[in-house]
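What follows is a short report on a single structure.
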Amino acid sequence: MSKELIELSNALAQAADRAAASVVAIHTERRGSSSGVVWRRGVIVTSEHALRRDEEIQLTLPNGRIVSATLAGRDPSTDIAVLKCAEADNAVPEFGDVAALKPGSLALVVGRTRASGPVAALGVVSLVAPDRRAWTGASLAPYIRLDVGLQPTAIGGAVIDSHGAAVGLATPRFARVGAIAVPASAINKTTDTLLKKGRIPRGYLGVGLQPVSLPAVLRETLQRNEQTAAIVLEVHPGGPADNAGIVIGDILVSIGGHPITRLEDVQAVLAGDAIGKSLSLQIVRGGSVQERTIVVGERPHGGE
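If you're matching positions, the sequence shown starts at 9 in the working numbering and goes up one per residue.
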């Protein structure tokens, strides 16, 4: 093996070892585990979909101790769950410059198993986009896709750059192949809210929607090029849409001036601080275009 490869191998092993000092194993079942990162002292972030239950959560710390943790909250849209554990007072990872990542940049995913200790997987950054909205409605900025073989035990582990600094959390949830690094910006925002409120408030219209094709004559009437909108299949009694006079069969064309071509467009409008705001609705009913105003509500806790 050449001197350069030996040096690279040693550097990668050292980077993984440093990162592992902030990575824990999370086990909620007799067999199997996932990983989490001590993002702040006493606060662990992990993959929401890999956390199988809300109670009786145990961690294996880097020193081998097995301790209990409590759930602060979950956010399925960003695939982030936050745990609290006073004993998890490990040094938090060094955080890297996400803006420096480019396609082809090396990336390491560092996780931990409860029995064998640290695990690592080497890959490359395959795509970096300034912003992309996941199918769950969450905005990931930047969107970092990894070409890496992610074992179940490493899900929720730290993604580190070539300098050994953490740039995100590893999850396969938003990728058909490989994995995604949920960026630190999304993790910090979600963690702050979950620690404060225990949940992420979401905007709510109180309707069930399905994509629908718009006939050419209707597109001409609306003066729009988009070929799809969303048809109302359900109206929740007493909800914002019901109060706005929306009925089953209405076609939702735009919300707040934003064209609706797919369900993700609705989620995008409802993200952030939309709760309590009055938004204009453009609908088609019986072939005629109508305007309505809706006050965005807050999704009931635990509701769909």
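Glycine included, C-beta positions come from ideal geometry on N, C-alpha and C.
query = Any idea if SER30 is buried or exposed, counting beta-carbon neighbours within 10 angstroms, 16 or more meaning buried?
reply = buried
request  = Would you kindly check if the distance between the Cβ of PRO180 and the Cβ of ILE313 is under 8 angstroms?
outcome  = Since the first residue shown for the chain is 9 and the last is 312, residue 313 is missing from the structure and cannot be characterised.
ask   = Which of helix, strand or coil does DSSP assign to ILE268?
value = coil
query = Quick one: is GLN235 near chain B, going by C-beta distance under 8 angstroms?
reply = No chain B appears in the structure shown, which is made up of a single protein chain.
Sequence-distant residues of the same chain with beta carbon closer than 7 angstroms to ALA183, five excluded per side = ARG153
ask   = When the Cα of GLN22 is compared with those of ILE52, ASN71 and LEU116, which residue comes out closest?
value = LEU116
key: SER193 in three-state terms, based on DSSP   = helix
key: Identity of the residues DSSP links to ARG293 by a beta bridge   = SER296
request  = For my contact list, PRO160 and GLY176 are in at a C-beta cut-off of 8 angstroms; report their separation, rounded to the angstrom.
outcome  = Wrong, their Cβ atoms sit about 18 angstroms apart, outside the cutoff.
ask   = Going along the chain, which unbroken runs of the beta strand (DSSP E) with 3 or more residues stay wholly within the stretch 203-276?
value = 215-221, 236-243 and 259-263
Best match in SER10, VAL220 and GLU56 for proximity to VAL45 [C-alpha to C-alpha] = GLU56
task = Let me know the secondary structure DSSP gives LYS314 once reduced to three states.
result = One cannot answer for residue 314 here, as it falls past the ends of the chain, which runs 9 to 312.
Cβ neighbour criterion (16 or more within 10 Å) applied to GLY311 = Note that GLY311 scores a pLDDT of 45, beneath 50, so its modelled location is shaky; the value from the coordinates is reported in the next line. Its Cβ having fewer than 16 others within 10 Å, GLY311 is exposed.
Beta-carbon proximity check, LEU330 vs VAL277, cutoff 8 angstroms = The requested residue 330 is not part of the displayed model; the chain covers only 9 to 312.
inquiry  = What does the Cβ neighbour count give for GLN298, buried or exposed, with the cut at 16 atoms within 10 Å?
reply    = exposed
key: Exposure of PRO248, with buried meaning 16 or more beta-carbon neighbours within 10 Å   = buried
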